[in-house]
Each structure stands twice: as C-alpha cells, then as structure tokens.
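Novice:
Numbering (full-length UniProt numbering), first residue to last: 1 to 131.
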C-alpha cells in the first residue's frame with residue numbers, strides 16, 4: 001500500500017495559496033466596507049431629498065391655495081369695478097340728459113342774457129389773471 005501515495009502529505013494547502021485567499025478575503029472585506037459606507041451616505045442623501053420634495057409639495061399646495069384665493073379676489077374686484085362703471089355711466093347719462101333739458105329752455109328764452117353773463121365772467125376772469 002505504499003505505492004498509492006505520490007510523496008505528498010495530504011490535507012495541507014501550500015502557504016502561497018493560503019496567503020492569496022487571505023488577501024482576497026481582505027480585498028473583498030474592504031470593498032464591502034467601502035460600498036456599505038457609500039450606500040449609507042446615499043441613503044441619507046435620498047432621505048434628505050425626499051424631505052425636500054415633501055416640503056416643496058406642501059409649499060406648492062399652499063401657493064396654489066393662495067393663488068386661487070387671489071384669483072377669486074381679483075374676480076370680485078373686477079365685478080365691483082364693472083358695477084361702479086355701470087353706475088357711473090348711468091349717473092353721467094342722467095346728468096347729461098338733465099343738463100340738456102336745462103339748456104333747451106334757457107337757450108330759447110334767455111340766450112341773450114346767457115351770452116352777456118358769459119362775456120362778463122370772461123372779463124372778470126381775465127382781470128383776476130392780470131392781478
């Protein structure tokens with residue numbers, strides 16, 4: 001039974017192979033540690049960015065509400081302006097019709113008196129300007 005062995009001892013690996021395996025384990029461990037640290041940094045940044053997105057969405061919602069509120073206020077003010085313009089136009093038309101009605105009788109009955117009064121007022125005005 002002595003011819004079965006080839007002169008090597010069984011069960012032992014050469015020291016160079018053990019050193020290479022240990023070096024591989026060290027390199028793999030270092031790479032795992034670096035990638036784990038980088039992953040943690042990226043997760044932290046991701047959580048920060050998600051928080052910023054949530055805050056931005058909340059701020060955008062608040063801005064949308066204010067915008068809608070201001071648009072409603074602008075619409076109400078436009079309606080008020082239109083109402084005031086209509087009232088003013090009606091008052092102006094009423095005043096013009098009243099003025100026209102007042103002028104018609106005065107022009108027919110006292111146009112000469114009106115002309116004299118106009119001339120006198122112009123003279124008084126020019127005197128006041130020279131003083």
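Backbone N, C-alpha and C define an ideal beta-carbon position, used for all residues, glycine too.
If we ignore side chains and look at the alpha-carbon of each, how far apart do residue 59 and residue 50 end up?
Specialist: 14 angstroms
Novice: So what's residue 54 in DSSP terms, helix, strand or just coil?
Specialist: helix
Novice: Cα separation between residue 61 and residue 72?
Specialist: 17 angstroms
Novice: Could you compute how far the alpha carbon of residue 36 sits from the alpha carbon of residue 23?
Specialist: 20 angstroms
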